[in-house]
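Trainee: Listed in order, the protein sequences are those of chains A and B.
Here the first sequence is numbered in the working numbering, starting from 73 and rising by one per residue.
Here the second sequence is numbered in the working numbering, starting from 52 and rising by one per residue.
Backbone N, C-alpha and C define an ideal beta-carbon position, used for all residues, glycine too.
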Amino acid sequence: MLLEGLLRTIPVSLEQGLAYGLVALGVVISFRILSFPDLTVDGSFPLGAAVVARLITAGIHPWISVLVAVATGFIAGCCTGLLNTRLKINSLLSGILMMTVLYSVNLRIMGRSNIQLLTVDTLLTPLEQLELPRLVPLILFFLVVAVGMKAAIDLFMHTQLGMAMRATGDNEQMIRSLGVNTDHMTVLGLGLSNACVALSGALVAQDQGFADVGMGIGMIVAGLASIIIGEAVFGIRTVARMTLAALAGSVIYKFIIAVGLRLGLAPTDLKLATGVMVILALGIPALRGKEKEGKLHLRGV
Amino acid sequence: MLQIEGLRKTFNAGTADEKRAIDDLDLHLASGDFVTVIGSNGAGKSTLLNLIAGSYTTDQGEVHIDGERVTGFSECRRAAYLGRIFQDPLMGTAASMTIEENLAMAELRGKPRGLTWGVTASRRAAYRQRLSRMGLGLESRLKQPVSLLSGGQRQSLTLLMATLHLPKVLLLDEHTAALDPKTARTVMALTEQIITDNHLTALMVTHNMRQAIHYGNRMIMLHEGRIQFDVSGQEKAELTVQEVVARFGGTLNDEALLG
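#1: Helix, strand or coil for Pro-140 of chain B per DSSP?
#2: Taking beta-carbon pairs under 8 Å, can you tell me which members of the stretch 154-170 of chain B lie near chain A?
#3: Could you confirm whether any beta carbon from chain A is found closer than 7 Å to the beta carbon of Ala-131 of chain B?
#4: Within a Cβ cutoff of 7 Å, which residues of the same chain sit near Leu-86 of chain A, ignoring the five residues on either side of it in sequence?
#5: Taking the alpha carbon of Arg-135 of chain B as the reference point, which residue from B:Gly-284, B:Gly-202, B:Leu-189, B:Ala-213 has its own alpha carbon closest?
#6: Any residues in the stretch 176-205 of chain B with a beta carbon nearer than 9 Å to a beta carbon of chain A? Which ones, in chain order?
#7: Helix, strand or coil: how does DSSP classify Phe-103 of chain A here?
#8: Using the DSSP secondary-structure output, state which residues sit across from Pro-196 of chain B in a beta bridge.
#9: Would you check if the distance between the CB atom of Leu-119 of chain A and the CB atom of Ala-330 of chain A is smaller than 7 Å?
#10: Report the rounded CA-to-CA distance for Lys-287 of chain B versus Asp-281 of chain B, giving the unit in angstroms.
#11: Going by DSSP in three states, Asp-77 of chain B sits in which element: helix, strand or coil?
#12: Under 6 Å Cβ to Cβ from Gly-98 of chain A, same chain only, skipping five residues before and after it: list those, please.
#13: Please say whether Thr-257 of chain B and Thr-98 of chain B have beta carbons closer to each other than 7 Å?
#14: Can you give me the Cβ contacts of Met-349 of chain A inside the same chain, cut-off strictly under 7 Å, excluding the 5 residues immediately before and after it?
#15: So Met-142 of chain B contacts chain A; which residues on that side make the cut at Cβ distance below 8 Å?
#16: Does the distance from the C-beta atom of Glu-225 of chain B to that of Gln-138 of chain B stay below 7 Å?
#17: Could you tell me whether the Cβ of Asp-147 of chain B comes closer than 7 Å to any Cβ of chain A?
#18: Look at the alpha carbon of Ile-301 of chain A and the alpha carbon of Thr-346 of chain A, and state the distance between them as a whole number of angstroms.
#19: On the criterion of 16 or more Cβ atoms from any shown chain inside 10 Å, does Ala-130 of chain B qualify as buried, or is it exposed?
#20: Give the C-beta separation of Ala-236 of chain A and Arg-236 of chain B to the nearest angstrom, bearing in mind that I take them to be a contact with Cβ-Cβ under 8 Å.
#21: When the Cα atoms are used, what is the spatial distance from Thr-191 of chain A to Ile-128 of chain A?
#22: Please report how far the alpha carbon of Val-296 of chain B lies from the alpha carbon of Leu-200 of chain B, in whole angstroms.
#23: Could you check whether the stretch 103-114 of chain A touches the stretch 162-170 of chain A, counting it as contact only if at least three pairs of C-beta atoms, one from each stretch, sit closer than 8 Å?
#24: Tell me which same chain residues have a C-beta within less than 8 Å of the C-beta of Asn-153 of chain B, skipping the five on either side of it?
#25: Can you say whether His-274 of chain B is buried or exposed, counting buried as having 16 or more other CB atoms within 10 angstroms of its CB?
#26: Name, please, each residue of chain D whose Cβ falls closer than 8 Å to the Cβ of Glu-126 of chain B.
#27: Given this structure, state the Cα-to-Cα distance separating Leu-53 of chain B from Ile-271 of chain B, to the nearest angstrom.
#28: Name the chain A residues whose beta carbon is nearer than 7 Å to that of Glu-152 of chain B?
#29: Would you kindly work out how many angstroms separate the C-alpha atoms of Gln-204 of chain B and Leu-75 of chain A, rounded to a whole number?
#30: Looking at chain A, which residues of the stretch 83-113 of chain B have a Cβ within less than 9 Å of any of its Cβ atoms?
#31: What does the alpha-carbon distance come out to for the pair Glu-200 of chain A and Gly-188 of chain B?
#32: Does the stretch 90-97 of chain A come close enough to the stretch 147-157 of chain A to have 3 or more Cβ pairs within less than 8 Å?
#33: Where does Lys-222 of chain A fall in DSSP's three states?
#34: Rounded to a whole number of angstroms, what is the C-alpha to C-alpha distance between Thr-149 of chain B and Gly-183 of chain A?
#35: Run the CB neighbour count on Arg-126 of chain A, radius 10 Å, all protein chains shown included, and call it buried at 16 or more, exposed below.
#36: Cutting at 6 Å between CB atoms, please list the residues of its own chain near Asn-101 of chain B, excluding the five before and the five after it.
Now the structure itself:
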């Protein structure tokens, strides 16, 4: 009985894991590649959802709506980067400020605290109308989008520009002495990261049928949980592994959550459970008396 | 090649901790000069290098490299002219990136970076050849992350990186001080070879008097932000540690300096 129940959670975990995996990919770019603890995510995720919901209900084509949502996420990330590099505001605080600002911005965009999308045509409507079980085309769609994004990030990080971005997170002094403006790299990287997150928000809103101003709460912690789980399995030696770890970790994370719900965890306790998961993952090495984990070295804090 | 006029830098100006690090300093380096810089702690050696590289802004004075005024240039803009190696072997390379990626990034020093592939097959072959000439066995480890290398290997790699795209001036900031004596000698020999082979203009800060006397064609001694002693050519070749200590022992109160 239990086993059968667990098996039934797999398709939905896969779909959700891939859709939210785009958030984890964004978190890889900020936390891992740039070593920048960017908390904008909790605001840029609902930003993507809000923009897409507002535009689609206004009759704009879903594809264009998604593109605009991604662009606004990019701008939001750049703003966080500028707060940090231009105004010299601490990196954590820059993200918190943007996240707070975006809460009001998202309410302005939507005009109210949520917009439902069940009665309008979205990007996913043609897929849902196929003569297939609902989840099959959706899983394929999110698989294509997530893997495509992963591949694009992998390729970009091996270009001249992408290598300069990775070096900015690894050894800022060194790459600056090689003539790279590390401020530009930080702003661009945070833009790309939040563009990824906003894309996730835009697609999730269409998948679940509504955009809500509160849908981003705890998103950064969930993203971190995903990459920590994934990295425990796949390691972080190359960019391709990091991005693979993010996607796989996101699916595993959603599966763990689904199992927890089946075992009687209240949906309201999910963020508590996620928080405890991240605290344990980050804290166990310290409790074991090991040196501070060198993995999560962060700039500007 | 490098012209410094009336350079001044004061830290914590107007406070009780005010410190004149560089005080009205003039220095001219001809093309091909290999100048060693010595002085006790706080004499202004590293500050001088940081001012040349643009890591610190100057309070007063001018810096010209190869005839071009770079005084107001940011650190990353000056990178087009300068190669720089730091004391800490960890500073010169990106640990999580591979040997070939570090080399490719260094080769683009001071140039715009675009969306073309970072490490191409033809460049990889060139890196392999350059690395094999160093004799450290790194040519077979191109795809390994730099974090796996020893301090001496990392510093040697940094040297090669600084010279892939030849700089107008090479700045060496006590770059062998953090290495064990044997590795330090190897890296120093490699440094001299690279400077000679490429006719580079170099400024080497060192804490080691013997090293300062042995290498280069000119030596300057800094004291309280000024040049206290400037010796070159034949006179420098005949200089001994004892002579310098006899003349400047009073200002050279630093144990390590004489080590």
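Mentor: With the structure as the only source:
#1: Three-state result, Pro-140 of chain B: coil.
#2: Cβ contacts with chain A come from Ala-155, Met-156, Ala-157, Leu-159, Arg-160, Gly-161, Lys-162, Arg-164, Gly-165, Leu-166, Thr-167, Trp-168, Gly-169, Val-170.
#3: So yes, Ala-131 of chain B belongs to the interface.
#4: In chain order, Ile-211, Val-323 place their CB closer than 7 Å to the CB of Leu-86 of chain A, counting only its own chain and leaving out the 5 sequence neighbours on each side.
#5: For Arg-135 of chain B, the nearest C-alpha among the options comes from B:Ala-213.
#6: Taking 9 Å as the Cβ-Cβ cut-off against chain A, the residues of the stretch 176-205 of chain B that qualify are Pro-196.
#7: Helix.
#8: In the DSSP output, where bridge partners are listed per residue, Pro-196 of chain B has B:Thr-149.
#9: No Cβ-Cβ contact shorter than 7 Å links Leu-119 of chain A with Ala-330 of chain A.
#10: Going by the C-alpha atoms only, they are around 9 Å apart.
#11: Correct three-state label for Asp-77 of chain B: strand.
#12: So the list reads Ser-265, Cys-268, Val-269, once near-sequence residues are dropped.
#13: The answer is no: Cβ separation not under 7 Å.
#14: Counting only Cβ-Cβ distances below 7 Å, and skipping sequence neighbours, we find Ala-297.
#15: Simply Asn-243, Gln-245, Met-246.
#16: Their beta carbons are under 7 Å apart, which means Glu-225 of chain B touches Gln-138 of chain B by this criterion.
#17: Before going on, a small fix: residue 147 of chain B reads as Ser here, not Asp. At a cut-off of 7 Å between beta-carbon atoms, Ser-147 of chain B makes contact with chain A.
#18: Separation of Ile-301 of chain A and Thr-346 of chain A (C-alpha to C-alpha, rounded to the nearest whole angstrom) is 11 Å.
#19: Buried.
#20: No, Ala-236 of chain A and Arg-236 of chain B are not in contact; Cβ-Cβ is about 34 Å, not under 8 Å.
#21: Straight-line Cα distance between these residues: approximately 11 Å.
#22: Rounded to whole angstroms, the gap between the alpha carbons of Val-296 of chain B and Leu-200 of chain B is 38 Å.
#23: Contact between the stretch 103-114 of chain A and the stretch 162-170 of chain A is present, because at least three Cβ pairs lie under 8 Å.
#24: These residues qualify, in order along the chain: Thr-144, Ala-145, Val-197, Leu-208, Met-212.
#25: For His-274 of chain B, the number of other beta carbons within 10 angstroms of its own is at least 16, and it is reported as buried.
#26: Absent here is chain D; the protein component of the structure consists of chains A and B.
#27: When only Cα atoms are considered, Leu-53 of chain B and Ile-271 of chain B end up about 15 Å apart.
#28: Those within 7 Å of Glu-152 of chain B in chain A are Met-235.
#29: Straight-line Cα distance between these residues: approximately 54 Å.
#30: Those would be Ala-104, Ser-106, in chain order.
#31: In a straight line, the C-alpha of Glu-200 of chain A is about 58 Å away from that of Gly-188 of chain B.
#32: Between the stretch 90-97 of chain A and the stretch 147-157 of chain A there are fewer than three inter-stretch CB-CB distances shorter than 8 Å, so the stretches are not counted as touching.
#33: Lys-222 of chain A falls in the helix class under three-state DSSP.
#34: Those two C-alpha atoms are separated by around 50 Å.
#35: By the neighbour-count rule (16 or more Cβ atoms within 10 Å), Arg-126 of chain A is buried.
#36: Within the same chain, Asn-101 of chain B has close Cβ partners Tyr-107.
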